[in-house]
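Beneath this line is the structure, given in structure tokens, with notes to follow.
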Amino acid sequence: MLTVNSVSKDFGNFPVLQDIQLEFSNGVYGLLAPNGAGKTTLIKMLTTLLFPTKGEILYEGQTIFSMGERYRDLIGYLPQNFGYYKNYNPNQYLQYLAALKGISKQAANEKIPQLLKLVALEDAIKKKMGKFSGGMIQRVGIAQAMLNDPKILILDEPTAGLDPKERVRFRNLLSDLARDRIVILSTHIVSDVESIANEIIMIKDKRVLYKDSIQSICQQLDGKVYEIEMDFDQVKAFRKNFLSLSERQDNGRMNIRFIAEENIRPEWKRVKPTLEDVFLYQYQDKEVEQKV
Amino acid sequence: MRIIWQEMKKIFNPVMLLILVLINMLMYYIFIGFDISVFPNGRPATDHYHIGIEMVEKYGHELDEKEFKDFKEVLQQEIKKADEYIQSDKEFAELGITTYEEYREMKNEVVRDPVFSQLDSKIVFDIGVDLFWEIPAREDIIEDFEFVKERYGYGYIEQPTEDQERRIQEVVNTGAVNSIFPAYPVEDNFHSISKNITITILVSVLFMISPIFIRDYKNNMIGLQYTSKAGRSLFKKKVAAGALSAFLITTILLVVYYSIYATNDIGMFLASGINSFMGTVYWYDFTFLQLIILTIGLTYVLTLSLSLVAIYVSSICKNYIAIIGFQLPIFVLVCVLIFNRSLLSEAFLIYSSQLKVAVLYCVIIISPIIMLIWKKRREKNQDILFE
Ligand SMILES: Nc1ncnc2c1ncn2[C@@H]1O[C@H](COP(=O)(O)OP(=O)(O)OP(=O)(O)O)[C@@H](O)[C@H]1O
Ligand SMILES: [Mg+2]
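Here it is in structure tokens:
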């Protein structure tokens with residue numbers, strides 16, 4: 021059990037996170053928030069790179085900083101912008117990180133081919149990473165996070181740079197990896213976590229907004245999300261009065277998905293709210309918010 | 002240990018090694034090669050060198066009174082040979098010169114006969130008759146030996162301090178001064194080449210070691226490294242890897258360059274004391290070999306110290322320009338100190354203050370250690386910021 025206990029983090033006098041309270045047990049957690057919300061900051065504290073300004077982070081009741089290398093031995097981390105040496109091939113790269121992770125040479129020799137196979141890079145084992153595509157690099161990154169078979173796997177925007185096909189592959193891969201461990205996955209892309217996360221954590225205004233299952237989070241918008249069809253020229257006026265969540269063209273007309281909390285009209289089609297709806301609702305621009 | 006080895010692999014990456022070889026070839030041709038290819042550098046240096054060899058072969062590493070008499074005897078024979086040469090030469094006859102003594106007198110005249118000057122320059126420089134070089138060289142050596150009590154050691158000091166005075170007397174009285182060691186050109190050549198070797202090694206080591214931390218920073222490796230099991234202790238391991246690599250590079254280059262130096266054929270002087278009547282006084286009674294070993298030791302101290310500073314600088318800088326900005330002044334300062342005779346073999350000559358040398362080396366050894374300890378302590382309780 022990993023516990024974040026009333027943690028705040030300031031950079032200088034600039035508060036980024038305030039009074040964060042979280043608990044993680046085995047399962048997949050989607051850390052969902054827009055750019056600059058503090059996802060990476062939270063993750064860097066969970067990986068001991070940053071010290072909380074206030075509060076503490078505990079693993080099985082012990083602060084992770086006092087655990088030191090015993091704690092770091094338990095984590096696998098894929099940083100948001102992680103690096104590599106252009107002249108290294110994936111094997112050399114993973115051998116290097118295996119040494120840093122204190123994995124024996126023999127264990128590393130066994131584990132590395134397995135992991136490269138898992139991320140479908142076994143054919144590129146001798147190829148210099150400088151020649152890799154963004155997706156291939158990202159996959160090596162996932163392999164490196166798994167090297168020490170971590171109890172806590174922390175991935176900061178792991179799907180950045182992956183094409184749609186690879187995203188799907190990655191999601192499947194992650195569901196397999198998620199057994200018997202804590203997986204924390206940060207993203208600002210809802211579909212990345214929608215299908216695999218047991219719980220979603222949303223951060224808003226420096227604080228935890230939700231930490232709940234997708235179903236419970238979506239419940240709050242029950243009966244508030246509607247769809248309607250209209251002509252193009254009506255759209256502009258409509259947007260002034262309602263928060264439009266998505267718009268798509270359909271047979272020369274516009275199909276609009278939107279939120280309404282009162283004055284419901286019978287011609288609107290009520291639909292089931294999705295996580296995407298909640299995300300857009302919560303992180304809408306301030307001026308629109310006032311209209312709802 | 003495996004981490005240190007992995008870090009060393011990064012330092013010795015093939016491209017860097019290739020550039021290192023090129024740097025060394027360049028430095029060799031610009032700085033070191035000269036002291037190899039032209040040793041003993043013309044005349045009378047060559048004559049002093051050959052006479053030195055002849056003396057060591059005949060008398061061993063010290064010259065006593067009996068051997069000195071023999072040496073003077075050899076001079077007389079050479080002068081006789083010069084007489085014969087002069088008598089058999091038509092041009093000397095035309096000038097009315099029949100002995101070497103007469104030749105010497107003509108040469109010492111304030112206003113020389115132009116015809117004589119022409120002939121002299123032909124004999125000495127164009128033909129290069131050995132006798133006319135060797136006789137003055139032998140006479141110089143004899144003079145140095147005869148006047149040891151009067152002027153030995155004072156050549157470079159106008160107002161000797163009490164300590165300097167005492168040291169000179171000591172060298173004279175203990176007989177250390179009788180050592181046969183053609184300081185000119187052997188010692189001069191060593192001072193020169195050892196300085197250039199040290200600077201070449203410094204450049205090599207700084208080039209290889211400086212990227213040690215910034216390479217990881219630039220490649221965005223910090224996040225991965227500091228969250229691995231090794232964590233913040235990686236700093237220590239990287240310092241160890243850097244120091245070990247510096248040691249390795251220094252050793253290899255020392256072996257290479259001193260092997261090349263060995264081709265200068267100075268082996269027969271290795272056992273000679275360096276405080277010779279043919280040269281200058283040092284503060285200590287070393288043999289030439291001991292002086293060389295000491296110089297090599299000091300080269301290690303300098304390269305290790307500067308490489309630790311380079312490691313520190315690499316760990317605090319965010320780009321290569323900043324590294325050069327820090328390192329260049331330090332490197333230039335060290336070069337200046339080397340060339341003004343404060344750091345290597347010349348630092349032990351009588352005119353060099355030993356207190357100054359001791360203080361310099363204390364600073365050189367202690368400051369990188371303080372820097373690294375400070376950095377290590379700071380990192381322990383600080384956020385790791387890398388983006
Ligand atoms: N080292 C730092 N010094 C000062 N401010 C920082 C520092 N690192 C992050 N911040 C600020 O903290 C806030 C949160 O940044 P963070 O990187 O945690 O956001 P994020 O949710 O990961 O965003 P993104 O989706 O773009 O990765 C931002 O406003 C950022 O400018
Ligand atoms: Mg981020």
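Taken in order, these protein sequences are the chains called Z and W. For the first sequence, the numbering used here assigns the number 21 to the initial residue and increments by one for each residue that follows. For the second sequence, the numbering used here assigns the number 2 to the initial residue and increments by one for each residue that follows. We put the beta carbon where it would ideally sit given N, CA and C, even for glycine. Owing to the predicted nature of the structure, the values given are computational and were not obtained by experimental measurement.
Per DSSP, residue i forms a beta bridge with which residues?
i	result
residue 24/Z	42/Z, 77/Z
residue 174/W	For residue 174/W, which the question treats as bridged, DSSP gives no partner whatsoever.
residue 35/Z	30/Z
residue 269/Z	274/Z
residue 274/W	288/W
residue 82/Z	79/Z
residue 202/Z	47/Z, 172/Z
residue 63/W	180/W
residue 227/Z	224/Z
residue 96/Z	173/Z
residue 219/Z	49/Z
residue 247/Z	277/Z, 289/Z
residue 179/Z	DSSP lists no partner for residue 179/Z.
Does DSSP put residue i in a helix, a strand or coil?
i	result
residue 5/W	helix
residue 159/W	coil
residue 172/Z	strand
residue 269/W	helix
residue 48/Z	strand
residue 29/Z	strand
residue 303/Z	coil
residue 290/Z	strand
residue 222/W	coil
residue 148/Z	coil
residue 392/W	Here chain W covers residues 2 to 388 and nothing more, so residue 392/W does not appear.
residue 343/W	coil
residue 130/W	coil
residue 283/W	strand
residue 124/Z	coil
Starting from the C-beta of residue i, find all residues in its chain whose C-beta is less than 6 Å away, skip the five residues before and the five after it, and write them out in chain order.
i	result
residue 214/W	315, 316
residue 188/W	280
residue 119/Z	none
residue 5/W	238, 241, 242
residue 172/W	178, 276, 282
residue 175/Z	98, 205
Which one of the options has the shortest CA to CA distance from residue i?
i	options	result
residue 63/Z	47/Z, 46/Z, 40/Z	40/Z
residue 31/Z	72/Z, 181/Z, 45/Z, 238/Z	72/Z
residue 27/W	200/W, 178/W, 90/W	200/W
residue 324/W	238/W, 209/W, 186/W	209/W
residue 155/W	373/W, 283/W, 98/W	283/W
residue 153/Z	136/Z, 132/Z, 231/Z, 183/Z	183/Z
residue 53/W	197/W, 277/W, 111/W, 93/W	277/W
residue 380/W	117/W, 236/W, 42/W	236/W
residue 292/W	376/W, 24/W, 350/W	350/W
residue 1/W	93/W, 228/W, 118/W, 247/W	Any answer about residue 1/W is impossible in this case: the structure gives chain W only from 2 up to 388.
residue 352/Z	245/Z, 243/Z, 244/Z, 268/Z	For chain Z, the structure presents residues 21 to 312; residue 352/Z sits outside this window and is missing.
residue 241/Z	26/Z, 301/Z, 35/Z	301/Z
residue 168/Z	264/W, 229/W, 185/W	229/W
residue 29/W	254/W, 67/W, 71/W, 47/W	254/W
residue 250/W	3/W, 22/W, 7/W	22/W
residue 179/Z	260/Z, 211/Z, 299/Z, 128/Z	211/Z
residue 84/W	72/W, 343/W, 130/W	130/W
residue 35/Z	289/Z, 235/Z, 226/Z	226/Z
residue 86/Z	284/Z, 95/Z, 283/Z, 68/Z	68/Z
residue 26/Z	74/Z, 214/Z, 129/Z, 221/Z	74/Z
residue 233/W	386/W, 306/W, 99/W	386/W
Suppose the cutoff is 8 Å on Cβ atoms and the five residues either side in sequence are ignored; what does the same chain contact list for residue i look like?
i	result
residue 273/W	57, 62, 180, 181, 182, 288, 289
residue 310/Z	Note that residue 310/Z has pLDDT 49, beneath the 50 cutoff, so the model's placement of it is unreliable and the number below is only indicative. Answer for residue 310/Z: no residue qualifies.
residue 257/Z	none
residue 148/Z	106, 107, 108, 109
residue 285/W	349
Just to confirm my understanding: we take residue i, look at its own chain, exclude 5 residues before and 5 after, and list those with CB closer than 7 Å. What are they?
i	result
residue 273/Z	249, 250, 251
residue 237/Z	220, 230, 295, 298
residue 307/Z	For residue 307/Z, the predicted model reports a pLDDT of 48, less than 50, meaning its position is unreliable and no value from the coordinates is stated.
If you measure from each residue's Cβ to the nearest non-hydrogen atom of ligand 1, which ones come out under 5 Å, in chain order? 31/Z, 36/Z, 55/Z, 56/Z, 57/Z, 58/Z, 59/Z, 60/Z, 61/Z, 386/W
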